[in-house]
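Asker: A single structure is presented below for examination.
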């Protein structure tokens, strides 16, 4: 049986993910810092490191069997993958936030509003569902600046502690969706490697519930 | 020159493989008594609207014809075939038909581009029952083999599994609808959250194991007693077992599995559903199932079962299997100086008449070169026997 291929996100989540997999292995997982594909005979899996936004795409196209990916990315990309497990890390909330003095009702009632976000596809769907007459401005960074510099009336973005929002005098108007890191699987891999994936999920589940208890 | 967004050109080497696969499948289907049909490229939107789910409706190419009616490029064949045979009241049933052609769908998300696909498939109309399910699944297995896939598998599931489970769930209608959407999206995390908050009986823990419930016939042993009162569930488990037994008698279960968690995107399936795939490609190569209620929307009550193979995905699988590499024809090339043009042409014609393929290329150098799959050779002269020998060696 061929090893499972797992895609892990680089960046902010990398450390937590590596820690989780180390608990699963019962020895510290050490990933070479510059290598993006790790095929170590001592490891039970082949590991691909990718940009967090690309993890689910790798899995969807079958380049990897499994992936660890933020729910925010899954909501934005709507990748056709199996979502199997909530890993309980990378927790935050997708919110609608606006400047001081606005309320959600007032904002969404306005004839034409503009909302800045890193998640244009998701935001468009959200606004469509609410029947709101709004334009979406897709930005790549510093979303929280958008209202202050006059690009947008409100933002849709991730919030963990709320510190960045407060610093920019923005207030949560609606909590749209809870976000955390998820384990996803390719829809063919789950059929051709059913047992390996089931075992992986079961063991990972145990690790997560042990960590919750401790 | 721009290509229309989502469209692709097919070049000769790929066109040839496409044609070969299509011919192989035609021959297969016709030997099983299936006849070809050619539904039109355009259908009225009102025709398709009846059978497509919301997502598919959005993905259809639509435009207004000169009478002001909304017209679509066909996004699949099954609905068109059902429409064709709903209009004809003098049918001699059962009816076995196949089709081959392009279908059009806008990409499923803004991050994708493919919009034109080739489907080769068949429909078995007018007969219910597991023997017909088995015939169609047998043809699906044989189709993948004849399409040149070496390493493929087919999973069978049943629409009644989810219908039964949803019916049995002690939840309110809006929550049930949510559960249905979550299963379709394969989001088992949110599904688990939903079920935990509803404090469901333990038999429903099965819901979260669905993606892993895959195996041969013995998988069904423990499933029947789970929901003894649920007719949909009982029918699903029973039919899966019967179909598997028939295919076992056909000697076709080596690449076949029962997969309780199999989800299909089209809502019109009512019974057995199945998918064929290659371990090297991340999405199914072929999909189908039984859709006994589809004809009802066109005013006929005819059971039917069928599948479609996605040719582009089959090609991808073959490419991954490196089969393409072997089949991509590299023709031998003979290059020669202008003064040998007459001799070279004569020689090439003689060899071509013998069935040997050869490309001629005049060049400015004084030398003669012959490039075959076996290697590159420099020749002293255009001696017929020598060239023939090198070409024949190259063929081997």
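Residue numbers (our numbering), protein chains in the order written: chain A, 14 to 227; chain B, 190 to 585.
Backbone N, C-alpha and C fix where the C-beta goes; we use that ideal spot for every residue, glycine too.
Less than 9 Å between the beta carbons of residue 465 of chain B and residue 344 of chain B, yes or no?
Answerer: Within the second chain, the letter at position 276 stands for residue 465 of chain B. Within the second chain, the letter at position 155 stands for residue 344 of chain B. Yes, the pair counts as a contact, with Cβ atoms nearer than the cut-off.
Asker: Quick one: list the residues of chain B neighbouring residue 216 of chain A, beta-carbon separation under 9 Å, in chain order.
Answerer: Within the first chain, residue 216 of chain A is the residue found at index 203, counting from 1. Within 9 Å Cβ-Cβ: nothing; residue 216 of chain A doesn't reach chain B, min ~13 Å.
Asker: Out of curiosity, what's the CA-to-CA distance linking residue 328 of chain B and residue 568 of chain B?
Answerer: Here residue 328 of chain B refers to the residue found at position 139 when the second chain is read from its first residue. Here residue 568 of chain B refers to the residue found at position 379 when the second chain is read from its first residue. About 52 Å.
Asker: Of the choices A/170, A/196, A/130, A/105, whose alpha-carbon is the least far from that of residue 68 of chain A?
Answerer: Stepping through the first chain from its first residue, residue 68 of chain A is reached at position 55. The shortest CA-to-CA distance from residue 68 of chain A to any of A/170, A/196, A/130, A/105 is the one to A/196.
Asker: Less than 8 Å between C-beta atoms, sequence neighbours within five positions excluded: which residues of the same chain meet that for residue 45 of chain A?
Answerer: For the purposes of this step, residue 45 of chain A is taken as the residue at position 32 of the first chain. Counting only Cβ-Cβ distances below 8 Å, and skipping sequence neighbours, we find 51.
Asker: Among A/22, A/24, A/98, A/55, whose alpha-carbon lies nearest the alpha-carbon of residue 216 of chain A?
Answerer: Here the question's residue 216 of chain A lines up with position 203 in the first chain. Cα-wise, what sits closest to residue 216 of chain A is A/98.
Asker: Taking Cβ positions, are residue 330 of chain B and residue 403 of chain B nearer each other than 9 Å?
Answerer: The residue you call residue 330 of chain B lines up with position 141 of the second chain. The residue you call residue 403 of chain B lines up with position 214 of the second chain. Going by C-beta atoms, residue 330 of chain B is not nearer than 9 Å to residue 403 of chain B.
Asker: Per the contact definition of three or more C-beta pairs closer than 8 Å, is the stretch 486 to 504 of chain B in contact with the stretch 297 to 316 of chain B?
Answerer: yes
Asker: Which residues mark the beginning and the end of the beta strand (DSSP E) in which residue 361 of chain B is found?
Answerer: Taking the second chain and counting its residues from 1, one reaches residue 361 of chain B at position 172. Neither: residue 361 of chain B is in no beta strand (DSSP E) and is coded neither H nor E.
Asker: Check the Cβ-Cβ distances between residue 134 of chain A and every residue of chain B, and say whether any is below 9 Å.
Answerer: In the first chain, the residue the question calls residue 134 of chain A occupies position 121. Judged by the 9 Å Cβ criterion, residue 134 of chain A is in contact with chain B.
Asker: Please name the residues in the stretch 99 to 133 of chain A whose beta-carbon is closer than 9 Å to at least one beta-carbon of chain C, in chain order.
Answerer: Considering every chain present, this structure includes no chain C. Its protein chains are A and B.
Asker: Apart from the five residues just before and just after residue 513 of chain B, which ones in its own chain have a Cβ nearer than 6 Å to its Cβ?
Answerer: The residue you call residue 513 of chain B lines up with position 324 of the second chain. The predicted model places residue 513 of chain B with a pLDDT of 49, which falls under 50 and marks its position as unreliable; any figure quoted below should be read in that light. 507, listed in sequence order.
Asker: Which word fits residue 192 of chain A, buried or exposed, when buried means at least 16 other C-beta atoms lie within 10 angstroms of its C-beta?
Answerer: Against the first chain, residue 192 of chain A aligns to sequence position 179. Under this definition residue 192 of chain A is a buried residue.
Asker: Can you tell me the Cβ-Cβ gap for residue 164 of chain A and residue 131 of chain A, rounded? I've got them flagged as a contact below 8 Å.
Answerer: Stepping through the first chain from its first residue, residue 164 of chain A is reached at position 151. Stepping through the first chain from its first residue, residue 131 of chain A is reached at position 118. The C-beta distance from residue 164 of chain A to residue 131 of chain A rounds to 13 Å, too long to meet the 8 Å contact threshold.
Asker: Roughly how many angstroms separate the alpha carbons of residue 555 of chain B and residue 199 of chain B, rounded to a whole number?
Answerer: Translated into positions along the second chain, residue 555 of chain B becomes position 366. Translated into positions along the second chain, residue 199 of chain B becomes position 10. In this model, residue 555 of chain B and residue 199 of chain B are separated by some 37 Å (Cα to Cα).
Asker: Let me check understanding here. Comparing Cα to Cα, which of B/245, B/291, B/205, B/276 lies closest to residue 231 of chain B?
Answerer: To locate residue 231 of chain B, count along the second chain from 1; it is residue 42. It is B/291 whose Cα lies nearest to the Cα of residue 231 of chain B.
Asker: Just the C-alpha distance for residue 362 of chain B and residue 387 of chain B, rounded to the nearest angstrom, thanks.
Answerer: As a position in the second chain, residue 362 of chain B is number 173, starting the count at 1. As a position in the second chain, residue 387 of chain B is number 198, starting the count at 1. Each residue's alpha carbon lies about 13 Å from the other.
Asker: Using a Cβ-Cβ cut-off of less than 8 Å, list which residues of the stretch 467 to 495 of chain B approach chain A; keep chain order.
Answerer: 467, 468, 469, 470, 471, 472, 473
Asker: Starting from residue 308 of chain B, follow the beta strand (DSSP E) in both directions and report where the run begins and ends.
Answerer: Counting from one through the second chain, the residue named residue 308 of chain B turns up at place 119. Taken as a continuous stretch (DSSP letters only), the beta strand (DSSP E) holding residue 308 of chain B covers 305 to 314.
Asker: Any beta-carbon of chain B closer than 9 Å to the one on residue 207 of chain A?
Answerer: Indexing the first chain from 1 puts residue 207 of chain A at position 194. The beta-carbon of residue 207 of chain A is placed less than 9 Å from the nearest beta-carbon of chain B.
Asker: At the level of alpha carbons, what is the spacing between residue 151 of chain A and residue 133 of chain A?
Answerer: Residue numbering aside, residue 151 of chain A sits at position 138 when the first chain is read from its first letter. Residue numbering aside, residue 133 of chain A sits at position 120 when the first chain is read from its first letter. Distance between the alpha carbons of residue 151 of chain A and residue 133 of chain A is about 6 Å.
Asker: By how many angstroms is the C-alpha of residue 90 of chain A removed from the C-alpha of residue 300 of chain B?
Answerer: Within the second chain, numbered from 1, the residue matching residue 300 of chain B stands at position 111. Within the first chain, numbered from 1, the residue matching residue 90 of chain A stands at position 77. Straight-line Cα distance between these residues: approximately 7 Å.
Asker: So, with DSSP's three-state summary, where would you put residue 446 of chain B?
Answerer: Residue 446 of chain B sits at position 257 when you count from the first residue of the second chain. Three-state DSSP puts residue 446 of chain B in a strand.
Asker: Verify whether the separation of the beta carbon atoms of residue 115 of chain A and residue 186 of chain A is less than 9 Å.
Answerer: Position 102 of the first chain, counting from 1, holds the residue named residue 115 of chain A. Position 173 of the first chain, counting from 1, holds the residue named residue 186 of chain A. Yes, these two residues count as a Cβ contact at 9 Å.
Asker: When the Cα of residue 338 of chain B is compared with those of B/190, B/203, B/210, B/521, which residue comes out closest?
Answerer: The residue given as residue 338 of chain B occupies position 149 in the second chain. Per the Cα distances, B/210.
Asker: Is there at least one Cβ from chain A nearer than 9 Å to residue 426 of chain B's Cβ?
Answerer: For the purposes of this step, residue 426 of chain B is taken as residue 237 along the second chain, with counting starting at 1. Not closer than 9 Å to any Cβ of chain A, the Cβ of residue 426 of chain B fails to qualify, so no.
Asker: Cα separation between residue 31 of chain A and residue 490 of chain B?
Answerer: Against the first chain, residue 31 of chain A aligns to sequence position 18. Against the second chain, residue 490 of chain B aligns to sequence position 301. Roughly 57 Å between the two C-alpha positions.
Asker: Is the CB-CB distance between residue 268 of chain B and residue 224 of chain B below 9 Å?
Answerer: Residue numbering aside, residue 268 of chain B sits at position 79 when the second chain is read from its first letter. Residue numbering aside, residue 224 of chain B sits at position 35 when the second chain is read from its first letter. No, these two residues do not count as a Cβ contact at 9 Å.
Asker: What is the DSSP secondary structure of residue 160 of chain A, reduced to helix, strand or coil?
Answerer: As a working note, residue 160 of chain A is residue 147 in the first chain. The answer is coil: DSSP assigns residue 160 of chain A none of H, G, I, E or B.
Asker: What does the alpha-carbon distance come out to for the pair residue 394 of chain B and residue 222 of chain A?
Answerer: Looking up residue 394 of chain B in the second chain gives position 205. Looking up residue 222 of chain A in the first chain gives position 209. In a straight line, the C-alpha of residue 394 of chain B is about 17 Å away from that of residue 222 of chain A.
Asker: For the candidate residues B/208, B/227, B/298, B/315, whose alpha-carbon lies nearest to that of residue 244 of chain B?
Answerer: Here the question's residue 244 of chain B lines up with position 55 in the second chain. Out of B/208, B/227, B/298, B/315, B/298 has the C-alpha closest to the C-alpha of residue 244 of chain B.
Asker: Could you tell me whether the Cβ atoms of residue 421 of chain B and residue 318 of chain B are closer together than 9 Å?
Answerer: Start at 1 with the first residue of the second chain, and residue 421 of chain B comes out as number 232. Start at 1 with the first residue of the second chain, and residue 318 of chain B comes out as number 129. Not closer than 9 Å, so no.
Asker: Rounded to whole angstroms, what's the CA-CA distance from residue 148 of chain A to residue 79 of chain A? Just pull it up for me.
Answerer: Walking along the first chain from the start, residue 148 of chain A turns up at place 135. Walking along the first chain from the start, residue 79 of chain A turns up at place 66. Using only the alpha carbons, I get a separation of about 35 Å.
Asker: Answer yes or no: do residue 167 of chain B and residue 95 of chain A have a C-beta to C-beta separation smaller than 9 Å?
Answerer: Residue 167 of chain B falls outside the range modelled here, since chain B spans only 190 to 585, and no answer is possible.
Asker: Spatial neighbours of residue 476 of chain B within its chain, please: CB distance less than 6 Å, with the 5 preceding and 5 following residues excluded, ordered by chain position.
Answerer: Within the second chain, numbered from 1, the residue matching residue 476 of chain B stands at position 287. Only 464 meet the Cβ criterion.
Asker: For residue 221 of chain B, report the span of its alpha helix (DSSP H) as first-last.
Answerer: Your numbering for residue 221 of chain B matches position 32 in the second chain. First-last for residue 221 of chain B: undefined, no H or E at that position.
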